[in-house]
Amino acid sequence: SPVAWNGFEKWIGVVWSALIIYYVWGKNGLTFQKFLICMALGICLIFAYSRYVVPKIEGYTQATPIDFYIAKSGQKVYVETIGFKSFAHLLYFQKQAGSPSGEELMNRSSVDRPTFFVMKSDAEDRFKYHPNLILINEENGFLFFKHR
Numbered sequence: 002s003p004v005a006w007n008g009f010e011k012w013i014g015v016v017w018s019a020l021i022i023y024y025v026w027g028k029n030g031l032t033f034q035k036f037l038i039c040m041a042l043g044i045c046l047i048f049a050y051s052r053y054v055v056p057k058i059e060g061y062t063q064a065t066p067i068d069f070y071i072a073k074s075g076q077k078v079y080v081e082t083i084g085f086k087s088f089a090h091l092l093y094f095q096k097q098a099g100s101p102s103g104e105e106l107m108n109r110s111s112v113d114r115p116t117f118f119v120m121k122s123d124a125e126d127r128f129k130y131h132p133n134l135i136l137i138n139e140e141n142g143f144l145f146f147k148h149r
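In the working numbering, the protein residues as written are 2 to 149.
Printed below as a string of structure tokens:
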């Protein structure tokens with residue numbers, strides 16, 4: 002997934018490191034007031050990191066399957082993960098309670114609606130080469146299959 006970095010994200014860590022060095026080893030040593038200022042600024046930097054960096058990390062690790070789940074949301078299909086655990090398909094696809102499990106769907110010879118499976122590219126061969134599955138896409142370390 003293409004993730005756009007602005008360039009300032011690295012400065013969050015640099016400022017945090019400089020802040021700690023200054024307040025701990027700076028002039029007059031560490032006082033209680035300096036400690037409180039350091040903690041307050043540290044909390045602000047953690048929030049900045051959470052706001053600007055964490056979503057970009059998600060773009061590398063989860064964006065591709067999440068886009069797939071969103072594209073299938075609202076359609077009368079099954080979407081399951083195989084070989085790894087994730088809550089993303091439950092949240093973004095809005096999987097209904099009572100749906101059959103992924104392995105159960107995969108092993109059926111026929112299903113009542115289109116069925117899609119998401120696997121990581123390092124999934125076991127028994128999943129990747131299952132006779133009931135057809136590879137429809139491979140992108141950013143994920144494999145997308147459809148039941149025959």
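We put the CB at the ideal spot given by N, CA and C, even for glycine.
Treat the numbers as computed from the prediction; the structure is a model and nothing was measured.
Own chain, CB closer than 6 Å to residue i, minus 5 neighbours either side, in chain order
| i | result |
| --- | --- |
| lysine 147 | Phe117, Ile135 and Ile137 |
| isoleucine 71 | Tyr93 |
| glycine 43 | none |
First and last residue of the uninterrupted alpha helix (DSSP H) at residue i
| i | result |
| --- | --- |
| histidine 90 | 89–93 |
| leucine 31 | No alpha helix (DSSP H) contains leucine 31, which DSSP labels as neither H nor E. |
| tryptophan 26 | 10–26 |
| aspartate 126 | 126–129 |
| asparagine 108 | 103–108 |
heavy atom of the ligand HEM below 8 Å from residue i C-beta
| i | result |
| --- | --- |
| valine 55 | You won't find the ligand HEM in this model; it holds no ligand whatsoever. |
Close Cβ partners of residue i (< 8 Å) along its chain, the five nearest in sequence each way excluded
| i | result |
| --- | --- |
| valine 54 | Glu10 and Ile13 |
| serine 122 | Glu139, Gly142, Phe143 and Leu144 |
C-alpha distance - residue i paired with residue j, whole-angstrom precision
| i | j | result |
| --- | --- | --- |
| leucine 20 | threonine 62 | 30 Å |
| tryptophan 17 | leucine 46 | 7 Å |
| glycine 8 | phenylalanine 48 | 17 Å |
| isoleucine 83 | phenylalanine 128 | 8 Å |
| methionine 107 | leucine 91 | 18 Å |
| glycine 27 | arginine 52 | 29 Å |
| alanine 41 | glutamate 125 | 47 Å |
| serine 74 | arginine 114 | 14 Å |
| aspartate 145 | isoleucine 22 | Before going further, note that residue 145 is phenylalanine rather than aspartate in the sequence given. Cα to Cα, phenylalanine 145 sits roughly 48 Å from isoleucine 22. |
| valine 112 | serine 87 | 23 Å |
| isoleucine 67 | serine 110 | 27 Å |
Element boundaries [beta strand (DSSP E), containing residue i]
| i | result |
| --- | --- |
| lysine 121 | 116–121 |
| asparagine 138 | 134–140 |
| phenylalanine 146 | 143–148 |
Cβ shell of residue i (< 7 Å), same chain only, five flanking positions each side left out
| i | result |
| --- | --- |
| lysine 35 | Tyr24 |
| glutamate 100 | Inspection of the sequence shows that residue 100 is occupied by serine rather than by glutamate. Excluding positions up to five away in sequence, the list reads Tyr79. |
| glycine 103 | Glu81, Thr82, Ile83 and Phe118 |
| valine 4 | Lys57, Gly60 and Tyr61 |
Review point. Which runs of the alpha helix (DSSP H) spanning at least 4 residues fall entirely within the segment 43–84, listed in chain order?
Key: 55–62 and 64–73
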